[in-house]
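What follows is a single structure, written as structure tokens, with notes after it.
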Amino acid sequence: FIIVIIVGLLALFLKQKIQPTKQINGMMLLIEFEEVDGLKNWANKFEEKKMPATIQVQDNLVKEHCDVIKDLSDRGFEIAGLYSPEAFWDKDYQFQYEKMKEVKENIEQCTDKKMKSFGSRYFAYDENTLKVADALGIDYVFARGTTGARATVYKPKEYNVKIIAVSNVPSKEMGTGSLCDYSLWARGENPDSFEKIATEALTSNDKIILVSHSYLGGMKLRWWNAYQNVFNKTNVNWLSLDEFATVDYELPNKDIPVNKEVKYETPKPEIPMEEEEECFPVEPPVCY
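Heads up: the sequence shown runs through residues 389 to 676, numbered per this note's numbering.
Structure follows, in structure tokens:
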């Protein structure tokens, strides 16, 4: 009888102590509008790690390097649309329609696949963006973060489109911004502090978007290494765009929060980008 009691108490103790690990769902988002070398580095690493990723590209890059973008698409990476010259806050419908339509057509002509998502500079959007996305059959619009480091997906009741608000993290002196190498670099953070911020975010939230401007995180050695350290320190269930974009809140559009804070339009980096040691796109990349 005593043995039965002891076994029962032990089982209860273990049940209390051994709790299931909280699953952390993540999406990796690359942004590029200049060159493709960083994309190549990242793609090789993602394939090695069997990680899905969404690659957001400016359509001029698609025109200049369609062979590379088509190859990335054929390898299973989601190709998303980007308009980086301007933020889509308070831009009229016709302007946004023309830009988004051009980006969509160029990407789809190159990849032979539907362009599902779109983002403008700083992940800016407004109601006209949603109207255009609905009209063009674009499923997702990226937005600045509204719930701290946790990414949140909203569904406005008026439109057949989802809003993906990315992870948002603070910096020491220049406000908040995306969980992203460029954003934190522009706000004066370095690879070490980026690594700490990203690791904390990826262990404390159940839904995270980690972003890299591939000309930085995919080409500059210190930043590349910081990302690899983050991957090694965290246990994230990395998802594709469609898998990740489950709706958290369905609301009237007027009730969906919008974040317009950008305090780093003029970057103030600790080290200028041109002074960062580069990785070179050989096979395999030097960064490996």
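We put the beta carbon where it would ideally sit given N, CA and C, even for glycine. Bear in mind the structure is a predicted one, so any value in this text is a computation, not a measurement.
**Report entry** Unbroken stretches of the beta strand (DSSP E), 3 residues or longer, contained in the segment 502 to 567
**Finding:** DSSP runs (the beta strand (DSSP E)) wholly in the segment 502 to 567: 505 to 508, 528 to 531, 540 to 544, 550 to 553, 556 to 558, 564 to 566.
Query raised in the report: Which residues does DSSP pair with residue 333 in a beta bridge?
Result: Nothing about residue 333 can be reported from this structure: the residues present for the chain run from 389 to 676 only.
Query - Any 3 or more C-beta pairs closer than 8 Å across the segment 509 to 519 and the segment 443 to 451 - result: Taking 8 Å as the limit for Cβ pairs, the verdict is that the segment 443 to 451 does not touch the segment 509 to 519.
Requested in this report: Name the one or two DSSP bridge partners that residue 469 has.
Outcome: Reading the sequence shown from its first residue, position 81 is the one you call residue 469. The partner list for residue 469 (beta bridge, DSSP) reads 445, 506.
Requested in this report: Could you tell me the boundaries of the beta strand (DSSP E) in which residue 637 lies?
Outcome: Here residue 637 corresponds to residue number 249 of the sequence shown, with the count starting at 1. Start and end: 637 to 639.
Requested in this report: Going by CA-CA distance only, name the one from 609, 471, 442, 548 that's closest to residue 522.
Outcome: As a position in the sequence shown, residue 522 is number 134, starting the count at 1. For the residues 609, 471, 442, 548, the minimum Cα distance to residue 522 belongs to 548.
Query raised in the report: Out of curiosity, what's the CA-to-CA distance linking residue 458 and residue 596?
Result: If you number the sequence shown from 1, residue 458 lands on position 70. If you number the sequence shown from 1, residue 596 lands on position 208. Distance between residue 458 and residue 596, taken at the CA atoms: about 27 Å.
**Report entry** Contiguous alpha helix (DSSP H) assignments of at least 4 residues, all confined to the segment 609 to 640
**Finding:** Qualifying alpha helix (DSSP H) stretches, in chain order: 609 to 621, 629 to 632.
Query raised in the report: Taking residue 539 as the reference, which of 434, 412, 574 has the closest Cα?
Result: Here residue 539 refers to the residue found at position 151 of the sequence shown. Nearest C-alpha to residue 539: 412.
Report task. Taking the CB atoms as reference points, tell me whether residue 518 and residue 492 lie closer together than 8 Å. Result -> Here the question's residue 518 lines up with position 130 in the sequence shown. Here the question's residue 492 lines up with position 104 in the sequence shown. No, the Cβ-Cβ distance between residue 518 and residue 492 is not below 8 Å.
Query raised in the report: Where does residue 658 fall in DSSP's three states?
Result: Position 270 of the sequence shown holds residue 658. Secondary structure of residue 658 (DSSP, three-state): coil.
Query raised in the report: In terms of residue numbering, what span does the alpha helix (DSSP H) encompassing residue 426 cover?
Result: Translated into the one-based positions of the sequence shown, residue 426 becomes position 38. Note, residue 426: alpha helix (DSSP H), 425 to 437.
Query raised in the report: According to the neighbour-count rule (16 or more other Cβ atoms, all chains shown, within 10 Å of its Cβ), is residue 656 buried or exposed?
Result: Your numbering for residue 656 matches position 268 in the sequence shown. Classification for residue 656: exposed.
Query raised in the report: Under the DSSP definition of a beta bridge, which residues are partnered with residue 666?
Result: Here residue 666 refers to the residue found at position 278 of the sequence shown. 608, per the DSSP bridge assignment.
Requested in this report: Could you tell me which of 423, 561, 442, 544 sits nearest to residue 626, measuring between CA atoms?
Outcome: The residue labelled residue 626 in the question sits at position 238 within the sequence shown. It is 442.
Query raised in the report: At a cut of 8 Å, does the segment 482 to 502 reach the segment 524 to 535 through at least three beta carbon pairs?
Result: Short answer: they touch.
Requested in this report: Return the Cβ separation of residue 483 and residue 514 in integer angstroms, given the expectation that the two are a contact with Cβ distance under 8 Å.
Outcome: For the purposes of this step, residue 483 is taken as residue 95 along the sequence shown, with counting starting at 1. For the purposes of this step, residue 514 is taken as residue 126 along the sequence shown, with counting starting at 1. 11 Å between Cβ atoms; not a contact.
Query raised in the report: Is it right to say residue 658 is buried, meaning 16 or more other beta carbons lie within 10 angstroms of its own, or is it exposed?
Result: Here residue 658 refers to the residue found at position 270 when the sequence shown is read from its first residue. By the neighbour-count definition (other C-beta atoms within 10 Å, threshold 16), residue 658 is an exposed residue.
Query - Status (buried if at least 16 other CB within 10 Å, exposed otherwise) for residue 635 - result: Looking up residue 635 in the sequence shown gives position 247. Around the Cβ of residue 635, a 10 Å sphere holds fewer than 16 other Cβ atoms; the residue is exposed.
Requested in this report: Answer yes or no: do residue 343 and residue 606 have a C-beta to C-beta separation smaller than 8 Å?
Outcome: Nothing about residue 343 can be reported from this structure: the residues present for the chain run from 389 to 676 only.
Requested in this report: Examine the Cβ distances between the segment 642 to 652 and the segment 561 to 568 and report whether three or more of them are shorter than 8 Å.
Outcome: Remark: three or more beta-carbon pairs, one from each stretch, lie closer than 8 Å, so the segment 642 to 652 and the segment 561 to 568 are flagged as touching.
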